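In this text, residue positions in the sequence shown follow the working numbering: the first is 1213, and each later residue adds one. Written below as C-alpha cells is the structure these notes are about.
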Amino acid sequence: MKTKFTVMTSVILMGSAFTVSAYGGVYPPPPPVPYGSGPLKAPYLAPNLFKSEKAAFAALEGAMQEAEAVIYQGGCSAAANKTWNIHAFADEDGTGFVKVGSNGVQQFRLNVSEQAMTAPSYLGGKKFRITGGPPNVLNGIKLPYYDGTAYYSKTGQMMTMSAEFWVGNVNYAIDHLTGSVIKDFYKVLPTGVIPDEGKLACTSGCYDPQVPVIYDWGLQSVSKEFVPQDKWWQRSKATRSDGSNGTTVFWKDRLFSAKGNGVCKIKIDMTGSNDASSFEQSGTLTIRKVTP
C-alpha cells in the first residue's frame, strides 16, 4: 500500500506541476482580427454571396492552384516578377470560367459550374466543379489536368475545396498534386457604424450594407502523392459594383516549402462588374519572391 500511495502521489504532483507550467505565461500567438472573440458573429458576418461570386471565387482558387503547381515544380525564382492577364466570368446560374494569358495568347483556362448537392437539404450549401486540361500551360510548364470541387456553407460564409492537378516536370513526366483549401468570408465594419446596433452613426455617405467590402481568410496545402509539400496563406478583399467598378484582390503567401524554396507570393488583382446578375472582371496575375 505504501508503494501504491507513493506512485499515486507522484502522479498527482506531476499533474500539478504540468498545470502550473502550462499557464506560466507561455502562450501561442493571438488570433488575427476579427477572430479574437471566437467564432465570427454579427456584425462581422459576411452577407450571402451571390451565386456568381461563389463560382468566380472558386475558379480563382483554381487559378491560384495552377500557379502553385508551377511554383512547386520550377521554384519561385523561375516564375517571379512575371505578370499575366486574367479574366474571370460567372453568370447568375454559377457557370463561368477564368482565363490567364499573355500578349493576347492564352496560357490556361478553367471552367466552373454549379453541381447538384447530395447532402441533406436542411444543410443547404452550394457545390461547384472546376475543370481544365490540355493545352493549359503557365511559364512554359504544362498543366495537363485540373479537377477541383468547392463547397460553400448554407450562408456562403465558409468554403472548402479539394483538387487534383497535374504539372509537367523536368524529366518530361507528370507530377500528380492535390490541394486542400479552407477559408471563410467576413466583413469589417466601416467607420460610421454603431457596432452594438449595426446602424449608421451618420445619415448619408457612410456605408451601404448592400454593397459591402468582403474579406476572406484561409489556408491551403499542396501535396504530392499525399505527402505535404507546400503550405499557403490566403487573404482576399472584394467589393461589389455600386455605380462604379467592383474590385477583387487575392493574395497567397507560401508559409512552408518541403523543397526549401523559400518565400513566394501570388497576387490576383482585378476590376469590373460584380452584382447579383453576374461577375465579370479583368486584371493581372503576378508572382513575386517577397515576404508575406
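Note that the Cβ used here is the ideal one computed from N, Cα and C, for glycine as well. Remember, predicted model here, so these are calculated numbers, not experimental data.
Beta-carbon contacts of residue i that lie in its chain and below 8 Å, excluding the five residues immediately before and after
i, result
"serine 1485", "Ser1453, Asn1457, Gly1458, Phe1491, Glu1492, Gln1493"
"glycine 1306", "Lys1263, Ser1264, Lys1266, Ala1267, Val1324, Ser1325, Glu1326, Lys1338, Phe1340"
"lysine 1294", "Asn1351, Thr1498, Ile1499"
"proline 1242", "Gly1248"
"alanine 1328", "Lys1339"
"proline 1246", "Leu1252, Tyr1256, Tyr1398, Val1400"
"threonine 1483", "Asn1457, Gly1458, Thr1459, Thr1460, Gln1493, Ser1494, Gly1495"
Nearest residue (CA-CA) to residue i, options the options
i, options, result
"phenylalanine 1445", "Cys1476, Asp1305, Thr1460", "In the sequence under discussion, the amino acid at residue 1445 is tryptophan, which differs from the phenylalanine named in the question. Taking only the C-alpha atoms, the option nearest tryptophan 1445 is Cys1476."
"leucine 1322", "Ser1433, Pro1332, Phe1301", "Phe1301"
"tyrosine 1256", "Gln1369, Gly1344, Ala1281", "Gln1369"
"glutamate 1437", "Thr1483, Lys1395, Thr1390", "Thr1390"
"aspartate 1303", "Tyr1334, Val1349, Asp1487", "Asp1487"
"glycine 1344", "Pro1244, Glu1278, Asn1260", "Glu1278"
"cysteine 1288", "Pro1504, Ser1489, Asn1473", "Asn1473"
"glycine 1360", "Phe1269, Val1282, Trp1463, Lys1479", "Phe1269"
"serine 1489", "Lys1449, Leu1261, Asn1315", "Leu1261"
"valine 1379", "His1388, Thr1372, Met1373", "His1388"
"threonine 1372", "His1299, Gln1432, Gly1237", "Gln1432"
"proline 1504", "Thr1483, Arg1447, Leu1335", "Arg1447"
"leucine 1467", "Lys1501, Gly1455, Thr1483", "Lys1501"
"lysine 1449", "Ala1258, Gly1237, Gly1250, Tyr1239", "Ala1258"
Cβ pair residue i, residue j closer than 7 Å
i, j, result
"alanine 1267", "phenylalanine 1340", "yes"
"lysine 1398", "tyrosine 1427", "The question names lysine, yet the displayed sequence has tyrosine at residue 1398. Taking 7 Å as the Cβ cut-off, tyrosine 1398 and tyrosine 1427 qualify as a contacting pair."
"proline 1346", "proline 1332", "no"
"valine 1425", "glutamate 1273", "no"
"asparagine 1348", "glutamine 1285", "no"
"alanine 1291", "valine 1282", "yes"
Counted within 10 angstroms of its Cβ, other Cβ atoms place residue i as buried (16 or more) or exposed
i, result
"lysine 1354", "buried"
"lysine 1471", "exposed"
"proline 1407", "The pLDDT assigned to proline 1407 is 45, lower than 50, so where the model puts this residue is not dependable, and the model offers no usable value."
"lysine 1411", "Low per-residue confidence applies at lysine 1411: pLDDT is 45, beneath 50, and the placement is therefore not dependable, though the value from the model is reported in the following sentence. It is exposed - the Cβ of lysine 1411 has fewer than 16 other Cβ atoms within 10 Å."
"lysine 1366", "exposed"
"alanine 1254", "exposed"
"proline 1440", "exposed"
Assumed close pair residue i, residue j - CB separation to whole angstroms, cut-off 8 Å
i, j, result
"alanine 1271", "isoleucine 1342", "6 Å"
"aspartate 1465", "glycine 1430", "About 12 Å separates the two Cβ atoms, so there is no contact after all."
"tyrosine 1364", "alanine 1375", "Between alanine 1375 and tyrosine 1364 the Cβ distance is about 15 Å, and since that is not below 8 Å, they are no contact."
Contacts around residue i, its chain only, beta-carbon distance under 7 Å, and the 5 residues preceding and following it disregarded
i, result
"glutamine 1318", "Lys1311"
"phenylalanine 1309", "Ala1271, Phe1301, Arg1321, Leu1322, Asn1323, Val1324"
"glycine 1336", "Lys1366"
Contact set for residue i: own chain, Cβ-Cβ below 6 Å, skip 5 residues either direction
i, result
"aspartate 1481", "Val1461, Gly1495, Thr1496"
"serine 1469", "Asp1442"
"leucine 1252", "Tyr1398"
"glycine 1313", "Asn1297, Gln1319"
"glutamate 1280", "Val1434"
"valine 1223", "Unreliable placement is indicated for valine 1223, whose pLDDT of 41 sits below 50; the coordinate value is still reported in the next sentence. Cβ within range, chain order: n/a, list empty."
"lysine 1479", "Trp1463, Thr1498"
Chain B contact for residue i (CB, 7 Å cutoff)
i, result
"serine 1485", "This model lacks chain B altogether, as it is built from one protein chain only."
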